[in-house]
Every structure is written in structure tokens, then in C-alpha cells.
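Student:
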Amino acid sequence: MTASRTRKNPPSSDKKSPPPIFEGAEWDYEKVDNCFQAIQKIAIDEMGLNVYPTQIEIITSEQMLDAYSSVGMPLMYNHWSFGKSFLRDESNYQKGFSGLAYEIVINSNPCICYIMEENSMTMQTLVMAHAAFGHNHFFKNNHLFKQWTDANAILDYLQFAKNYIAKCEERYGQKEVEKILDSAHALRDQGVDKFTRRQKLDVAALRQRELERNEYEQSQYSELWRTLPEMASRDDEEIDLIEKALVQKLGLPESNLLYFLEKHSPVLENWQREILRIVRSMAQYFYPQRQTKMMNEGCACFVHYHIMNRLFDTGQITEGAMLEFIDFHSRVIAQPDFDNQYYAGINPYALGFAMMKDIERICENPTDEDREWFPDFAGNNQAIKTLKEAWENFRDESFILQYLSPHLMRDFRLFNLNDDKSRPFYLVDAIHNKQGYTAIRSALAAQYSVASLDLDIQVTNVDLHGNRAMILTHNITNGVTLDEKQVNLVIPHIQRLWGYDVSVKSIEPNIDKTHFA
Amino acid sequence: MMHIIDRRLNPKGKSLSNRQRFIDRAKTQIKKAVNEAIANRKISNTDGGERIKIPSDGLYEPRFTGDSDKGIHDRVMPGNKDFMPGDKIKRPPSKGQGQGGRDASEGGEGEDGFHFTLTRDEFLDIFFENMALPDFIKKSIKEEVTHEYTRAGYKRQGSPSNLNLKLTMRNSLARRLCLRRPRDEEITELEEKITALRQQKKHTIKEQNKLIALLEELEVKKRRRKVVPYIDPLDVRYTSFTEIEKPNTHAVMFCLMDVSGSMGETHKELAKRFFMLLHLFLVRQYTKVDVIFIRHTHLASEVDEETFFHSRETGGTIVSTALEVMQKIIKDRYPPEDWNIYAAQASDGDNLNSDNAHCQHLLTQNILPMCQYFAYVEVWDSHEAEMFPGDNNATRLWQAYEELKLSHQNFALKKVTRPEDIFPVLHDLFAKNKKSEVA
Chain A
12 MTASRTRKNP PSSDKKSPPP IFEGAEWDYE KVDNCFQAIQ KIAIDEMGLN
62 VYPTQIEIIT SEQMLDAYSS VGMPLMYNHW SFGKSFLRDE SNYQKGFSGL
112 AYEIVINSNP CICYIMEENS MTMQTLVMAH AAFGHNHFFK NNHLFKQWTD
162 ANAILDYLQF AKNYIAKCEE RYGQKEVEKI LDSAHALRDQ GVDKFTRRQK
212 LDVAALRQRE LERNEYEQSQ YSELWRTLPE MASRDDEEID LIEKALVQKL
262 GLPESNLLYF LEKHSPVLEN WQREILRIVR SMAQYFYPQR QTKMMNEGCA
312 CFVHYHIMNR LFDTGQITEG AMLEFIDFHS RVIAQPDFDN QYYAGINPYA
362 LGFAMMKDIE RICENPTDED REWFPDFAGN NQAIKTLKEA WENFRDESFI
412 LQYLSPHLMR DFRLFNLNDD KSRPFYLVDA IHNKQGYTAI RSALAAQYSV
462 ASLDLDIQVT NVDLHGNRAM ILTHNITNGV TLDEKQVNLV IPHIQRLWGY
512 DVSVKSIEPN IDKTHFA
Chain B
13 MMHIIDRRLN PKGKSLSNRQ RFIDRAKTQI KKAVNEAIAN RKISNTDGGE
63 RIKIPSDGLY EPRFTGDSDK GIHDRVMPGN KDFMPGDKIK RPPSKGQGQG
113 GRDASEGGEG EDGFHFTLTR DEFLDIFFEN MALPDFIKKS IKEEVTHEYT
163 RAGYKRQGSP SNLNLKLTMR NSLARRLCLR RPRDEEITEL EEKITALRQQ
213 KKHTIKEQNK LIALLEELEV KKRRRKVVPY IDPLDVRYTS FTEIEKPNTH
263 AVMFCLMDVS GSMGETHKEL AKRFFMLLHL FLVRQYTKVD VIFIRHTHLA
313 SEVDEETFFH SRETGGTIVS TALEVMQKII KDRYPPEDWN IYAAQASDGD
363 NLNSDNAHCQ HLLTQNILPM CQYFAYVEVW DSHEAEMFPG DNNATRLWQA
413 YEELKLSHQN FALKKVTRPE DIFPVLHDLF AKNKKSEVA
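Keeping their order, the protein sequence lines are chains A and B.
The opening position of the first sequence corresponds to residue 12 in our numbering, with each subsequent residue numbered one higher.
The opening position of the second sequence corresponds to residue 13 in our numbering, with each subsequent residue numbered one higher.
1) Which one or two residues does DSSP pair with B/N176 in a beta bridge?
2) Between B/D115 and A/V439, what straight-line distance do the alpha-carbon atoms span, to the nearest angstrom?
3) Let me know if A/S24 comes out buried or exposed under the rule of 16 or more other beta-carbons within 10 Å of its beta-carbon.
4) Which complete alpha helix (DSSP H) runs does the segment 327-373 of chain B hold, if anything under 4 residues is left out?
5) So the alpha helix (DSSP H) B/Q169 belongs to, where does it begin and stop?
6) Starting from B/R33, trace the alpha helix (DSSP H) both ways and give me its first and last residue.
7) Run through DSSP, which three-state label would A/W429 get?
8) Which whole-angstrom value is the C-beta distance of B/L374 and B/S332, which I expect to be below 8 Å?
9) Rounded to whole angstroms, what is the Cα-Cα separation between B/R237 and B/P194?
10) Taking the alpha carbon of B/R249 as the point to measure from, which residue in B/A225, B/L416, B/E336 and B/T180 has its own alpha carbon closest?
11) Is A/I518 close to chain B, meaning its C-beta is less than 8 Å from at least one C-beta of that chain?
12) Taking a cut of 7 Å between CB atoms, which residues from the segment 120-142 of chain A lie near chain B?
13) Label A/L334 either buried or exposed according to how many other C-beta atoms from any shown protein chain fall within 10 Å of its C-beta, with 16 as the threshold for buried.
14) Taking buried to mean at least 16 other C-beta atoms within 10 Å of its own C-beta, is A/L287 buried or exposed?
15) Determine, using beta carbons only, whether A/Q393 and A/C374 come nearer to each other than 8 Å.
16) For A/S266, does the three-state DSSP call read helix, strand or coil?
17) Would you give the residue range spanned by the alpha helix (DSSP H) that B/L227 belongs to?
18) Please say whether A/I318 and A/I533 have beta carbons closer to each other than 8 Å?
19) Does the distance from the CB of B/F253 to the CB of B/T162 come in under 8 Å?
20) Excluding the 5 residues flanking B/E449 on each side, which residues of the same chain have their C-beta closer than 8 Å to its C-beta?
21) Counting only runs of 4+ residues fully inside the segment 93-154 of chain A, write out the alpha helix (DSSP H) ranges in chain order.
22) Which residues mark the beginning and the end of the alpha helix (DSSP H) in which A/R172 is found?
23) In this structure, how does DSSP classify B/H310 when only helix, strand and coil are distinguished?
24) Which residue from B/A334, B/H310 and B/E336 puts its Cα closest to that of B/E325?
25) Does the Cβ-Cβ distance between A/L493 and B/D79 come in under 8 Å?
26) Roughly how many angstroms separate the alpha carbons of A/L508 and A/R99, rounded to a whole number?
27) Going by C-alpha distance, which of A/L362, A/E254 and A/I451 is nearest A/H443?
28) To which residues of the same chain is A/A162 closer than 8 Å at the C-beta, ignoring the five residues directly before and after it?
29) Let me know if B/C190 comes out buried or exposed under the rule of 16 or more other beta-carbons within 10 Å of its beta-carbon.
30) List the residues that DSSP assigns as beta-bridge partners of B/D86.
31) Less than 8 Å separating the beta-carbons of A/V491 and B/K82?
32) Of all the options A/H476, A/M305, A/V43 and A/D474, which has the alpha carbon lying nearest to the alpha carbon of A/L415?
33) Going by C-alpha to C-alpha distance, which of A/L268, A/N376, A/I115 and A/N45 sits closest to A/L76?
34) Measuring straight from C-alpha to C-alpha, what distance separates A/T65 and A/H148?
35) With distance defined between alpha-carbon atoms, name the residue in A/K255, A/G59 and A/N89 nearest to A/N533.
36) So what's B/C383 in DSSP terms, helix, strand or just coil?
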């Protein structure tokens, strides 16, 4: 829908402009390099983006498939599930069900962008603007990435993880390692710290920690192994006190299940704990990406759109290249209506890009309505600065709450469909009108919130005097209970890691049911 | 600020080991799928990989998820046409709702399978697991071995064609450096200095002394250059090759088939599958496999594959003619000392009664001693099998062959009625550690 409003100032042919950087579809290193310089000029000098150095890697489609299956990372430890996704992707690709991405970008320093050899020169230009500057700026500046990930260390850490797991396989057997990884993967979503600062990943420290673990493990006092007779002599009150102290010592309740198991499981070997740690470190690394998907893509699309237009305005790319770009761009940011057969939820590229463009519009060309809704920045004529602040300080949820304008809601013709499973009908409870704006805005934000992305599951108790059973508590939000089938499949994995009984309890004000596995 | 790295030449198949792990994990399911796949395959189609579908049990990765059929969900959607706040939309009947398919399939029920393509090698590996060629080792040791050259380091002597330039020059350079052989530049420099001095019209004593010193130095260096040669025989290295023995890896497979009127299309189809599998199997074991097709009625001839399977012939049935042709071909082209010989015969069991004894004789006296293995399958169509169940209704040829089986370990016979029977037959024939069936 944005394809029609492309550019306002066609390059005047009478003005002398340098010849375009490239013509035709073929690319070579010189052209790519020249293009990069031109893009960089616009991105850094004009837009003032702040990016990591870039490393562009040219890969084939086969290598792109490989990269897919290792969750986009350049290195990954081995596990059958990656083979499974490889086979699935390969199959889909060969049958033409799905195309391949044009690039993959990795949040690392230097920022690695994979681009495919099949891309035309126009695509390479677009991809560089999109990934090497758009995503790169977002990775380096967004507060979530700053807080939770360490771009300097990730490549070293991946190398460490790969080697470590390979070494474990050598020593303890592929089957044993696979079991632990299977179980850890089942708890990946529950292996994320949400509220505390992550420690930096440091390979040297990792080795050190492993050594220390080996040394002190034996001598370390574990309350879980306390023998019963000693306890019997104490009276109940005292036991209660001890238990409370213990619960505190174990840090309950704990929402990071993998962390809890790594630190406190009575049955795991040291290497198994380290594997849990690797899996949860990876989950943690991806955590910010899940929370900023829409903004991240919006930022990258805005940046590539801006840069491509500037390149065209200054005569550095041809009309043909511009047309190719617009064709591609408008397909990427297309948003099918809810009743369209291709509708698959809200397209993060579409919403992200539209919101960024909308902020630009409000900054430069506000209506009275915009002034009323966004007094802080409406008409300040500093679109890029305003956007950069947004990219830095928000995530999808808060970004929508802060910046989704009535204008955009009307453009998208958004409405909220309330689906209460206990009623025989869906209810349209808000549409894009004056009464509905705030409701839609908060409903859409809630869709991107942590609460709706992740279930609230915590370790709340371990029975230290009896059977060492672990109790997990699921706090029900909006009446959504756990999928029983999945629970029955996941519980055995937790039991493998914990060594004793595990049960899940779901808590809601009016329902209190316990599911014992 | 930017690097471009070309990764295209990096080794492919980074996920090969993950793929292998996946296949190991799904082994039993894959094996079953492979067996089903082979039952419906064409002989012309033995080269490609195979697309198979396996149920997803054991391959599912569970996670805690919310139950999508419970609770209250708000969904903001784009593209409102004419909804007004307060509109109610009747819920469509549960299940079959939207993209429910995925949840249902991954719930561990395994109804919905996982599709992917095995490579040819993976396919065959799984297919031929637990199978080995009979007497392969014994025969290959006994056999005359072939020789092959492989690289084996470097040596000081050798033919000029094997001269290893790189290593030779490296040694030469090291020696020249150690023995301080004067370089060309040093000599030219000296000579220039000398000419420069000589060109001066007047010389001081100091300069004259210097000239003499330079001349002496030049003399010394020139001599040194002669003494320390550029390339010394000591430097020279040759690439070395060594001969290694290789077991004979050539095999010839004889396909013998009765094409008389009594063999219908179904019979031929069954026989074809048997030949196909045997061929696949041999190709896997030997680097070179020749296939010879011999068809017979009351006359036998060697034909190409197309004719073998598709042309029709009429006439009586005399099995021994085919055996004679086979014997002749072995004698002419495939001396048993050089070739591993396999034979597979398919027939419906009809034979001229008086010929059976002759067949027996040919096999015991001439053919079986030369063969690694001789397999006979008798193909019956399903009507026949229903009409004559059990082994008591054996054909004459079968009876004659059965006697051979008792005295020859490298002879096997089986009866086949349906395509599904073929694989187990082959499996039995070539089962690893096959127990001797001789009492």
C-alpha cells in the first residue's frame, strides 16, 4: 500500500549528477563495495545511524538452507532437531512452497550479514541498507539488546558451546548428550531470565567456572541430601523455619526453570549442568529478538526505504533498479486483510514500516488530531531523531502503546475481535473509531506483550523432607490453561533433569487444579 | 569498515551431521517407509533418492503451550469492512477451525507425517542394512588381487617425471641460505662498484686499495657460488608412489529369465523387481558391476535390458539352454579368476520334464563351482498361489533344484507371489551371518 507514494522529487535531468553506481542485474565485488560506500554515506552522515562494523558474507542457497537450520547462526552445536528443520526447509524449498530469505543478519560485533549470490545487484543494495544498517543500528542501540545480549562475545560463545558439546559427545556418548539436549530444548521457553541483568559471556571465565565446579562439587553441602534422622529430632516449628530459610536459599519462586535445574538438580553431572547453561544462554540471546520483532523489521524497512530513495534522488541508482526495489518492497510490506486467504496475522514488516513512516509524517506534517495525541513530537520536524529515540528505548509492546496513531489504525482499518471460548460467538468490541482507538491500541500492544508471548510458569516448591518432588505453578492469564498433551510430554523431560517427581499446578482465582504427571 | 567475504566455496553440508543424527533417531520409522517405497519402485528408477514420509512420533519437540481452546483471546486484525462495535459473529463449529492442522498433528498422534527426501546413499544404506554378499570375503582373498598406486610421501630417487619441484626448491633455498651462497644482487652490486671506481680517471691510494679489496671480495664470492651450487643433487626430492593391493571389485550378474508364453506380465514384473534389487545390492558392494541378460524359451540368447523385459517370445521351455549360454559367456568374457559371478534366475517353474536332469547336471558340474552365488526365484501369480497353497505343489524344476540346495551352499531358491514378498526374499537370501542350511 505504500508503493504508490514513493518519491516526491524525481532527479532533474538538467542538473549534472554522477553516473549511477551500477546498471543491470549482475553484481561484482567492486559494485558491492561502491554501493556500500554510498549507502554508508547516507546512513552515517545523513541519518546519523550508529552501527557495528559490518562483515558481508556471500553465500549460496544451499548454505542459506544450512544457516536456517542452525537458527541463523554461523556456528551451532549438533542436534538432531536441527537436522529435522533442515530436512523440512529443504523439502519446502525444493517443492517451491517457500522461498529463501535474501539475507540473514547476526547480532554480533562485527555485524555479520549473509547475502545470497543469486540476488541481483539491486537486491544486494537493498539488503545491505536493510541489514547492515537498519538491523545493525537496532541491535547496537535498542536497550533490550544492550541489556540482554553481548554482541562482542556471541561468536566466541557459540564456538565454545559447539566444542563443549562435541567433547561431551566424545566422552559420554552421543545418546547421553542428546537426551540432555532434548530435555533442555523442551524447557527453552522457560530458560530465560526476565528481570535480572545477565552476566557477560566470557570464554575464559567459563573454563574457570567449570574447573571450580569440578573441585568444589564434592565438598559442597547440599540440603537436598540431608539425612532424615537428624531432622526427626527437631520440632515442627523449627522445621518450618528451616524450610523457609531453604526456600529462600534456593531462590524460590524461580521462573527460569533451566537455571533452577542447573543450580539445584540433585541428579545432574557437571557437564550436564553446563549443557543446560548453554541452552539457556542461547534462549536468552534470542529473547530480545522475540520482543522487538516488529520494531526491528520496521526500523530496517524504514532505513532501507529511506536510503534507496536517497540513492535514487541523487542519481546513484537507475530507474530500473528503483522499480525493481519498489516492486520487492511493496511485496514485503503487504498486509492482507483478515478475510484474505493469505492472511496469517499481522505482518511485522507491514506494521513496523507503517508505524515508522507514520511517525515521520507526524513529525513533518501533523494534523490537529496528531497534535492532540502526540504533543511531544508532532511537528517537530526531526523525524530521524524521534525515530532513533523510539528505536532505542522501546520494545514492540511499549512502542505500540506509545506511538500507534489513530491515523494508522484507520489506514489499517484495525478492529478487535474478542474471543471468549465460553461464549458461542466472537464479539467485535472495538473498531477504528473515536471510541475504539485506545482499546485497539492496548489490545494490539497486549498481543506483543511478554505475558502473551510466554506462559507464566515458576518453580514454587520442592519437597525437601519427603520425596523431593518439584512443584511448578502456572499462573493462568485470561483463562488460558496449559495444553494437557504438551504438559504430559514435557513433564518427563523435567523429571529426567530433576531426577524426582514433578507436578504442574495451574492457579486461577476460581479454578485451582493440580496436574500430576 | 566493511569486509566482504566470499563463503561460497566453504564446504557445503554444514548440517550433514545433524541430518545424520536425525536419520539415526528416526531409523525404525524410516526403515519401514523405505521398505514400502521399494515395493513400488521401477527398475529404471534406481538411481535417484527417495522421498519418504514418516510418522512424527519421537521426533516431536514438546514445549509448554497454552490451550488454544480455552480462555479469552483478543485479536486485533486489519481490513475491517463493515463491522461495528458490538457485532457478534457466530463461532464456526469447533475443530476444522483455521490452521488447527498443525496443533493436531504435532500433538504426538503421528497421524500427519513428516516428509523429506533421502539421498540415494542413505536410502540404500538403510535398505541393505544387515545384508552382506555371500562369501564375499573368502572369494576376494582367494581371488587374484588388482593393484593400484597411491601417494606415499617423498623419496630421494625417482624418475624425473615425479620430481617434486616445490619440495626440491624449498630444500635448495634452505641450503643456500645456510651455506651463505652469494645472491645475484650482491655480485652485481660489487661489479657496479668496481666499474664505478675504474671509471674514475685518478685514483688515490685509498681508492686503489679499496678497488683491490673489492676485486678480492668478488673473486671470493664467485668462487663460493661455484662451490655452493644453486641446486644440488642433495636437494632433489621425488614424489613417491606405492603399489597397494586391492581386492577384486568387479562383479558380473547374470539375469536368467523364462520368457515363454506361460510367463505373464505379472510374473515378469515380479522377476524384474528381484533383478533390480539384486543389481542395487551388487552396485553397492562392487566398484564395477556388469549385468548380462539371458532370456530363454526353448532357445536362449543374450539380449539387452529393454528386450529382456519387454519383448514377447513364443515357444516351449528348456531351462538348460539358458544355463548353457551363461556358461559360454563366462568362458568367453568373464573368467572366474577375475570376476565375482552372481546369477539370478527367474521362472514360473515350467520346464520340459526331460530337461530337469540336464539342468541339475550343468549346475553341479559347471556353473555352481564358478559362481559366488546362484539364486533361483520361482514367481507365481497370486491366483496360482491360492490354488496351490503350501510347498507340496512344487513344480518339477523346483524339485530338481531343491536337491541341489542340499549339497551347495551357494545356491538358494525362493518362491514369490507378490511385490511385497521380494524384499524379504532378498533379505533371506543374503542375510548376514547366514546360517548354513545344510544339515
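Ideal Cβ placement from N, Cα and C applies to all residues, glycine included.
Tutor: Put simply:
1) BP columns for B/N176 are empty, so no partner.
2) Confidence at B/D115 is low in this model, with a pLDDT of 39, below 50, so its placement is unreliable and the value that follows should be read with caution. Those two C-alpha atoms are separated by around 26 Å.
3) With a pLDDT of only 45 at A/S24, under 50, the local geometry of the prediction cannot be trusted, and the value read off the model is given with reservation. Exposed is the call here.
4) 331-345
5) Counting along the chain, B/Q169 falls outside any alpha helix (DSSP H), and DSSP gives it neither H nor E.
6) Looking at the DSSP string, the run of the alpha helix (DSSP H) that includes B/R33 is L28 to R37.
7) In the sequence as presented, Trp is not what sits at residue 429 of chain A; that position holds Asn. Here A/N429 sits in strand by DSSP.
8) 6 Å
9) Straight-line measurement puts the Cα of B/P194 at about 6 Å from the Cα of B/R237.
10) B/T180
11) no
12) Per Cβ criterion, the list reads E128.
13) exposed
14) buried
15) yes
16) coil
17) I217 to V239
18) As displayed, chain A neither begins before 12 nor continues past 528, which places residue 533 of chain A out of reach and without an answer.
19) yes
20) Because B/E449 carries a pLDDT of 36, less than 50, the predicted location of this residue cannot be relied on, and no value is offered for it.
21) 132-138 and 147-152
22) The residue asked about is misnamed: residue 172 of chain A is Ala in this sequence, not Arg. It spans I165 to Y183 - the alpha helix (DSSP H) in which A/A172 sits, taken as one unbroken run.
23) coil
24) B/H310
25) yes
26) 29 Å
27) A/I451
28) Y63, N118, S119, N120, C122, F150, K151 and F156
29) exposed
30) A/N429
31) yes
32) A/M305
33) Of A/L268, A/N376, A/I115 and A/N45, the residue nearest in Cα terms is A/I115.
34) 11 Å
35) Residue 533 of chain A cannot be examined here, being either before or after the span of chain A that is shown, 12 to 528.
36) coil
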